[in-house]
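Student: Protein chains in written order, with our numbering: chain F, 1 to 339; chain E, 1001 to 1339. Would you mind keeping the following structure in view while I ask a few things?
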């Protein structure tokens, strides 16, 4: 990440960072990582191979850090938050493994996708194993309420993925329909990851609702920024990993906006490329130009800022402190990635 | 099913049947079926379509009936057994959906496999959804011990499937290795389905261990008979659906036995057909002849009888009654399917 420059005024702002959150959760994250390694172990050698390939490929671990920070901020002093954070990360990893099969992806986080190395079969089954392990660990924690929160998320995520599959290649997708998909497939796990913090700490309904709202809205902002970045972000220029969604025919918010704001010719272009899968050389460049013309990336980032603001306000009732500041800064960090 | 004739003596024996179990659990199974329909529902139309396709295609529902009968036999009077039975059936259905993707199956229970109708993607994701729903319903029941039992099973089943995948096409598989696979992928769910009966009834460790042993051994017997039936059962003749395992290159106990008992020529044959995937027209007939020569089907059924006897003895300490008789008869029913 480079220095963030405010586009409007060109003056430097202090850069939002994930570092304060990383520092506050570092000791607990060491425990989470040790537990991850232990619970991804199996006498069946293929399981740790596949799991470690994905786990070690360097995701930011935002979700488990949220669980840890939320529990700490709520004054929790036990060790259940470490186990729940591990379960959250396993649920996320299982989803990535299954997503790669569903999307027929070749790459994941800059490495060959597990399905390309071990086959679709291993990706499906190791995903199932990690999900089973996640539930085992949650059961060990012994909080039925945390179990309910995370099993709700598991069902909702899968429902969201099916929803996305059913809506795929449909250019008539509205912004509301798209939001419903990402609310389920992305925001539900962010939401549960944050909410189990106050749940395990026994902080009561108000705190649960606040962290649920924080997680949901951060998840929405995070996904929308991801969608914008897939088209090059605010610079909206061709670069590394730009255009994956376009090539896979995924209809994301930038496209939904450009399609609605465009001319009939524009709409015919999007239909040919995404709905009919007829994109050819040069179409991605034209798509990026259309997104720029119709302020579709800017519009997507504006939406992300809106959900980010909701996330920050969800934590407003809590008194100031290092944890609150770190969680608020993560929102700005997620949104500022887009520059 | 025809009349069962004892091979040794040719005299008629009363036919073992699943009917007593069906009768005892009929009222509760109506509740399970209603719950299945409700929990397979979703605004995302593809979910009930895929789920109902598989659910309505007429499995015997042995596993949920075991949960219901075990709970009833242990004097349980609540309604949690209905929810747990539903969760067991959803776990089973999710496994079938993922299995079809892993095995690249075209057919399931005489109908086109879901993956042929809706694609691999829907099979993976609807399986995930059903698993999520299963856990949600288990959480509603509120028994951490039942949750632990079933989440253990979920992880073990997936581990067994990966084990099978890793061992696939390896003719050196031993009987013990094969047993370890089916103990995980098949027997673990039978075991958990039976054990949650005494768990929810609060019957204590001895009853739990007895039902766990009953379920495990019934599951092993069930799978071994399935393996024998895939080669035509005791008649070992070509018929409808015979040879699926052979065509898919699956190494099951009949093959493990025939391979070990056979000549070098026989072993070369099995290697060519199953390990190297080089089976041609006429090879299935030759395989069935080899299985007959080496008593490999009979040997497999003998093993199934052994585990069946263990299952029945596991229930021996309980006093006689309709439920115990029905559960014992199911063991004989499962083994007698092979004739």
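Quick reminder that beta carbons are idealized off the backbone N, C-alpha and C, glycines included.
Measure the alpha-carbon distance for residue 1277 of chain E versus residue 1177 of chain E and round it to whole angstroms.
Tutor: For residue 1277 of chain E and residue 1177 of chain E, the distance between alpha carbons rounds to 21 Å.
Student: I'd like to know if the region 186 to 200 of chain F and the region 61 to 71 of chain F are in contact, where contact means that at least 3 CB-CB pairs between them fall below 8 Å.
Tutor: Segments in contact, yes.
Student: So what's residue 1305 of chain E in DSSP terms, helix, strand or just coil?
Tutor: It is helical.
Student: Are the C-beta of residue 1196 of chain E and some C-beta of chain F separated by less than 8 Å?
Tutor: False, the Cβ-Cβ gap to chain F never drops below 8 Å.
Student: Just checking: is the beta-carbon of residue 351 of chain F within a distance shorter than 8 Å of some beta-carbon in chain E?
Tutor: In this structure chain F extends from 1 to 339, so residue 351 of chain F is not present and cannot be described.
Student: Would the beta-carbon of residue 91 of chain F fall within 8 Å of that of residue 40 of chain F?
Tutor: Against a cut-off of 8 Å, the Cβ pair of residue 40 of chain F and residue 91 of chain F comes out as no contact.
Student: What residue does the alpha helix (DSSP H) around residue 989 of chain E start on, and which one ends it?
Tutor: The requested residue 989 of chain E does not occur in the structure, where chain E is confined to residues 1001 to 1339.
Student: In angstroms, rounded to a whole number, what distance separates the CA positions of residue 1187 of chain E and residue 1217 of chain E?
Tutor: If I take the Cα positions, the gap works out to 7 Å.
Student: List the DSSP bridge partners of residue 1107 of chain E.
Tutor: Residue 1107 of chain E is bridged to E/1112.
Student: Going along chain E in order, which residues have a C-beta closer than 7 Å to the C-beta of residue 151 of chain F?
Tutor: 1132, 1135, 1136, 1139, listed in chain order.
Student: Residues in the region 1013 to 1047 of chain E with C-beta within 8 Å of chain A's C-beta atoms, listed in sequence order?
Tutor: Reference to chain A is not applicable here, since the protein chains of this structure are F and E.
Student: Assign residue 1294 of chain E to one of three DSSP states: helix, strand, or coil.
Tutor: Of the three classes helix, strand and coil, the one that applies to residue 1294 of chain E here is coil, per DSSP.
Student: Starting from the C-beta of residue 222 of chain F, find all residues in its chain whose C-beta is less than 6 Å away, skip the five residues before and the five after it, and write them out in chain order.
Tutor: Taken in chain order, the residues that qualify are 334.
Student: Going by the CB atoms, is the gap between residue 1047 of chain E and residue 18 of chain F shorter than 8 Å?
Tutor: No; because the gap between Cβ atoms is not below 8 Å, this pair is not in contact.
Student: Take residue 1320 of chain E and list the residues in its own chain whose beta-carbon comes closer than 6 Å to its own, dropping the five residues that flank it on each side.
Tutor: Once the five neighbours on either side are set aside, residue 1320 of chain E has no close Cβ partner at all.
Student: Between residue 951 of chain E and chain F, is any beta-carbon pair separated by less than 8 Å?
Tutor: With chain E covering 1001 to 1339 only, the question about residue 951 of chain E has no answer from this structure.
Student: Taking the alpha-carbon positions, what's the residue 36 of chain F to residue 20 of chain F distance?
Tutor: One C-alpha to the other measures close to 23 Å.
Student: Identify every run of the alpha helix (DSSP H) within the region 175 to 241 of chain F, keeping only runs that are complete inside it and at least 4 residues long; order them along the chain.
Tutor: Segments of the alpha helix (DSSP H) lying fully in the region 175 to 241 of chain F: 175 to 182, 188 to 201, 205 to 229.
Student: Who are the near neighbours of residue 8 of chain F in its chain, counting only those whose CB is closer than 7 Å to its CB and skipping five residues on each side?
Tutor: Residue confidence for residue 8 of chain F is low, a pLDDT of 49 falling below 50, so the modelled location carries little weight; the figure read from the coordinates is stated next. So no residue of the chain qualifies.
Student: Grab the span of the alpha helix (DSSP H) containing residue 1276 of chain E for me, first residue to last.
Tutor: Careful: residue 1276 of chain E lies outside any alpha helix (DSSP H) and carries neither H nor E.
Student: Ordered along the chain, which non-local residues of its own chain (more than five positions away) have a Cβ less than 6 Å from that of residue 1299 of chain E?
Tutor: These residues qualify, in order along the chain: 1257.
Student: Run through chain F and tell me which residues come within less than 7 Å of residue 1244 of chain E, C-beta to C-beta.
Tutor: Those do not exist, as residue 1244 of chain E stays about 17 Å from chain F at its closest Cβ, beyond 7 Å.
Student: Measure the C-alpha to C-alpha separation of residue 71 of chain F and residue 52 of chain F and round it to an integer number of angstroms.
Tutor: Approximately 27 Å between the Cα atoms of the pair.
Student: Check each candidate in E/1289, E/1034, E/1281, E/1111 and name the one with the smallest Cα separation from residue 1266 of chain E.
Tutor: Here the closest residue by C-alpha is E/1289.
Student: Unbroken alpha helix (DSSP H) runs of length 4 or more, entirely within the region 1038 to 1125 of chain E: which are they?
Tutor: Runs of the alpha helix (DSSP H) inside the region 1038 to 1125 of chain E: 1046 to 1055, 1062 to 1073, 1080 to 1103.
Student: I think residue 235 of chain F touches residue 301 of chain F, with their Cβ atoms under 8 Å apart; what is that distance to the nearest whole Å?
Tutor: With 8 Å as the limit, residue 235 of chain F and residue 301 of chain F do not qualify as a contact, their Cβ atoms being about 12 Å apart.
Student: If you compare alpha carbons, which of E/1213, E/1118, E/1080, E/1115 is closest to residue 1202 of chain E?
Tutor: Minimum Cα distance to residue 1202 of chain E is reached at E/1080.
Student: For chain E, is any of its Cβ atoms less than 8 Å away from the one on residue 159 of chain F?
Tutor: It does: the Cβ of residue 159 of chain F has a partner Cβ on chain E nearer than 8 Å.
Student: Since residue 151 of chain F and residue 1132 of chain E should fall inside the 8 Å C-beta cutoff, what is the C-beta to C-beta distance between them, to a whole number of angstroms?
Tutor: That belief holds up - the Cβ atoms of residue 151 of chain F and residue 1132 of chain E are roughly 6 Å apart, short of 8 Å.
Student: Chain F partners of residue 1101 of chain E, CB-CB under 9 Å?
Tutor: 101, 120, 121, 124, listed in chain order.
Student: What in chain E is Cβ-close to residue 162 of chain F, meaning under 9 Å?
Tutor: Within chain E, the residues near residue 162 of chain F are 1042, 1044, 1046, 1047, 1050, 1121, 1122, 1125, 1126, 1128, 1129.
Student: Run through chain F and tell me which residues come within less than 8 Å of residue 1142 of chain E, C-beta to C-beta.
Tutor: Neighbours of residue 1142 of chain E on chain F, chain order: 144.
Student: Whose CA, out of E/1247, E/1281, E/1101, lies closest to the CA of residue 1116 of chain E?
Tutor: Selected option, being the one with the closest Cα: E/1101.
Student: Any C-beta of chain E sitting closer than 8 Å to the C-beta of residue 96 of chain F?
Tutor: So no, residue 96 of chain F is outside the interface.
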